[in-house]
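Q: Per our numbering, the sequence shown starts with residue 1, numbered consecutively.
Here a beta-carbon is modelled for each residue, glycine too, at the ideal position from N, C-alpha and C.
Only a predicted model underlies this, so the values are computations on that prediction, with no experimental measurement involved.
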Amino acid sequence: MENLPKSMELIIQKFDLVHIGGQFGHNTTPTFYSSDINKRLSTIDYFFGSKNLCNKVTEFNVFDTNFNYYSSDHRLVLISIDHPSANLSKNANYYSLSRDLPIHDQQYKLKNMDADQWNIFQIEINKNAYVSFENYLTDTFFNTHSPQHFVNERMKKIQKDIEDALKLANVQKYKRGAPKRNELPLHIRRQFNQLYQLASLKRYLKDKLSIFKDKNNFLKINDTLNQNQPSQEQVDLKDIMEAFNKHWKCKRKWLSKILRLNNMTLVNPLPLFLDTESELDKIISSINQLETLINKQLTSDRSKWDTEQIKK
């Protein structure tokens with residue numbers, strides 16, 4: 001560890017990496033033999049990965065190049081990694097560990113990758129070259145040369161390269177389905193129901209507001225409609241207002257409860273009767289804010305639930 005750059009130490013500590021070579025008995029196997037006998041042999045002390053990756057590595061061999069078609073001072077390291085869909089029990093145990101993204105629409109269908117997609121993915125990944133920590137320190141382009149900044153930017157670049165390779169291999173993302181309402185968990189069904197009732201109540205309040213704003217025109221239209229109705233079926237403006245008041249009386253307590261549940265505190269309690277335009281405007285404004293809050297929470301909860309379904 002003392003020979004590793006500070007950045008590699010941070011990566012190993014932060015992400016709990018494991019020496020892959022060590023899993024196959026190659027902790028200190030030399031990979032370079034200098035013609036100068038006074039120089040130290042270099043070892044494969046830089047092959048690190050997650051525990052999940054180690055369980056997907058099936059081979060880790062070191063070959064002496066003198067026995068191959070060319071000779072070199074270097075030895076070759078060969079690593080073989082399982083395809084995620086390989087029918088191996090260890091894949092079943094560790095597959096879920098690699099799918100821990102918090103958002104459902106960032107999940108790729110890795111399990112459905114075929115051999116061609118897997119080969120394209122590995123070829124593209126191996127094309128990427130990364131600046132060493134030593135070169136990073138000497139590059140004047142960077143304003144800061146902190147190890148933490150190097151680690152953060154390197155991990156972002158690796159993640160982007162992986163996503164780009166998956167896209168090039170035409171690996172599909174999971175798409176949110178449209179489950180039946182009774183398949184959703186209770187708290188999500190409750191949120192949908194609240195939004196439906198709020199939309200209905202808001203439409204009702206806007207209708208009453210329109211009567212206040214254009215009362216004369218409303219009375220004219222209502223009189224025209226009443227002319228074609230028997231006297232016992234004719235509707236008076238007073239009857240309409242009574243119906244509004246009864247509906248508001250029922251919804252007032254419910255709306256107060258929903259406001260409290262979403263930590264919305266009104267300066268004054270909801271009025272018993274809505275008799276002015278200003279009162280109606282205030283209630284409609286509160287409902288708009290409430291819908292925004294519930295929609296935001298619903299989006300988060302639904303995404304979390306969708307992700308859980310993918311992992312099942």
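1) Report, in whole angstroms, the separation of the C-beta atoms of F63 and G21, which I expect to be a contact under 8 Å.
2) Taking the alpha-carbon of D161 as reference, which of T138, N126 and L186 has the nearest alpha-carbon?
3) Select from F150, I120, I123 and F121 the residue whose C-alpha is nearest the C-alpha of E316.
4) Flag this pair as yes or no: are the beta carbons of A256 and L272 separated by less than 7 Å?
5) Suppose you measure from the CA of S368 to the CA of S146; what does that come to, to the nearest Å?
6) Rounding to the nearest angstrom, what Cα-Cα distance links L41 and T31 in this structure?
7) Just the Cα atoms here: how many angstroms apart are D236 and K213?
8) Under DSSP, the beta strand (DSSP E) around T58 begins and ends at which residues?
9) Can you check DSSP and say which residues form a bridge with I284?
10) Give me whichever residues DSSP pairs with L137 in a beta bridge.
11) Could you check whether L274 and W254 sit closer than 7 Å to each other, using their CB atoms as the reference points?
12) Taking 7 Å as the limit between beta carbons, can you name the residues of its chain near I284, skipping five residues before and five after?
13) Tell me whether R40 sits in a helix, a strand or coil according to DSSP, three-state version.
14) Whose C-alpha, out of F24, A199 and Q172, is nearest the C-alpha of E59?
15) Once DSSP output is grouped into helix, strand and coil, what is the label at F48?
16) Are L315 and I287 closer than 7 Å when you measure CB to CB?
17) Could you spell out where the beta strand (DSSP E) holding P30 opens and where it closes?
18) From D386 to Y136, what distance separates their C-alpha atoms?
19) Could you tell me whether the Cβ atoms of I294 and Q229 are closer together than 7 Å?
20) To the nearest angstrom, how far is the alpha carbon of T276 from that of L259?
21) Are V77 and K51 close, meaning C-beta to C-beta below 7 Å?
22) Could you check where the alpha helix (DSSP H) with F24 kicks off and where it finishes?
23) Go ahead and pull the three-state DSSP assignment for V319.
A: Taking the definition as stated:
1) The Cβ separation is near 14 Å, so there is no contact.
2) N126
3) One cannot answer for residue 316 here, as it falls past the ends of the chain, which runs 1 to 312.
4) One detail in the question is off: residue 256 reads as Ser in this sequence, not Ala. The answer is no: Cβ separation not under 7 Å.
5) What is shown of the chain runs 1 to 312, which leaves residue 368 out entirely.
6) 7 Å
7) 18 Å
8) V57 to D64
9) Answer is none; I284 lacks a bridge partner.
10) L137 pairs with nothing; no bridge assigned.
11) no
12) K202, L205 and K206
13) coil
14) F24
15) strand
16) In the structure displayed, the chain extends from 1 to 312; residue 315 sits before or after that span and is not available.
17) P30 to F32
18) The chain is shown from 1 up to 312; residue 386 falls before or after that span and cannot be answered.
19) no
20) 22 Å
21) no
22) That residue, F24, is in no alpha helix (DSSP H); it is neither H nor E in DSSP.
23) The question about residue 319 has no answer, for the chain in this structure spans 1 to 312.
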